[in-house]
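**Student:** This is the structure I have questions about; it appears just below.
Residue numbers (the numbering used here): 560 to 709.
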């Protein structure tokens, strides 16, 4: 009947109610947002994106008979109670990949040991004198040099 609403009947659907609540919030936010954009010096031609932060996305594939109370299906997005709105100015933050620090050396990197070449044989400089003398003697013996009479 026109003009008579029963208590069970809904006057507005959920979308209308949600959009009216959003409009009420926007009245208070619009002035503050305008002040912030002015303070940041953004231009009307900037590429601006609006995103939602503080969300969770399920990254686990669940079996067929999973407990829906404790686990979410794969890819389901859940908005936390402290979710927030992010306004990005893509024009002011160009993408530049990070560059590796040339001064850092990986922990698994083995530095090259400096060597000297003695009689066509490379010997590490860090070896002691006895190892170097032994390498020279071995080289001399292979060539047939007389090292004992000296």
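By construction, the Cβ of each residue, glycine as well, lies at the ideal position given by its N, Cα and C atoms.
#1: When you compare the CB positions of residue 615 and residue 591, do they come within less than 8 angstroms of one another, or not?
#2: Indicate the three-state DSSP secondary structure (helix, strand or coil) for residue 590 in the structure shown.
#3: If residue 608 and residue 647 are in contact, beta carbons under 8 angstroms, what's the gap, nearest whole angstrom?
#4: For a test of the three-state rule: what should DSSP assign to residue 628, helix, strand or coil?
#5: Please confirm if the stretch 594-613 is in contact with the stretch 640-657, defined as three or more CB-CB distances below 8 angstroms between the two stretches.
#6: Opposite residue 637 in the DSSP bridges: which residues?
#7: Can you name, in chain order, every residue of its own chain whose Cβ lies under 6 angstroms from the Cβ of residue 583, other than the five neighbours on each side?
#8: What first and last residue would you give for the alpha helix (DSSP H) that runs through residue 695?
#9: Measure the alpha-carbon distance for residue 657 versus residue 693 and round it to whole angstroms.
#10: Using a threshold of 8 angstroms, state whether the C-beta atoms of residue 635 and residue 652 are closer than that.
#11: When the Cα atoms are used, what is the spatial distance from residue 619 to residue 625?
#12: Would DSSP call residue 650 helix, strand or coil?
#13: What would DSSP say about residue 610, mapped onto helix, strand or coil?
#14: Can you list, in chain order, the residues of its chain whose CB lies under 7 angstroms from that of residue 601, leaving out five sequence neighbours each side?
**Tutor:** Inspection of the coordinates gives the following:
#1: No, the Cβ-Cβ distance between residue 615 and residue 591 is not below 8 angstroms.
#2: In the structure shown, residue 590 sits in a helix (DSSP, three-state: H, G or I).
#3: Contact between residue 608 and residue 647 holds: CB atoms are separated by about 5 angstroms, below the 8 angstroms threshold.
#4: Here residue 628 sits in coil by DSSP.
#5: Between the stretch 594-613 and the stretch 640-657, the count of Cβ pairs shorter than 8 angstroms is three or higher; the stretches touch.
#6: DSSP, once it has assigned bridges, lists 615 as partnering residue 637.
#7: Cβ neighbours of residue 583 beyond the five flanking positions: none.
#8: Where residue 695 is concerned, the enclosing alpha helix (DSSP H) stretches over 688-702.
#9: Taking the straight line from one Cα to the other gives about 50 angstroms.
#10: One thing to note: residue 635 has its Cβ no nearer than 8 angstroms to the Cβ of residue 652.
#11: Answer to the nearest angstrom: the Cα atoms are 12 angstroms apart.
#12: If DSSP states are grouped into helix, strand and coil, residue 650 belongs with coil.
#13: The three-state reading of DSSP puts residue 610 in strand, counting E and B together.
#14: If we look at residue 601 and ignore the five residues flanking it on each side, its Cβ neighbours are 648.
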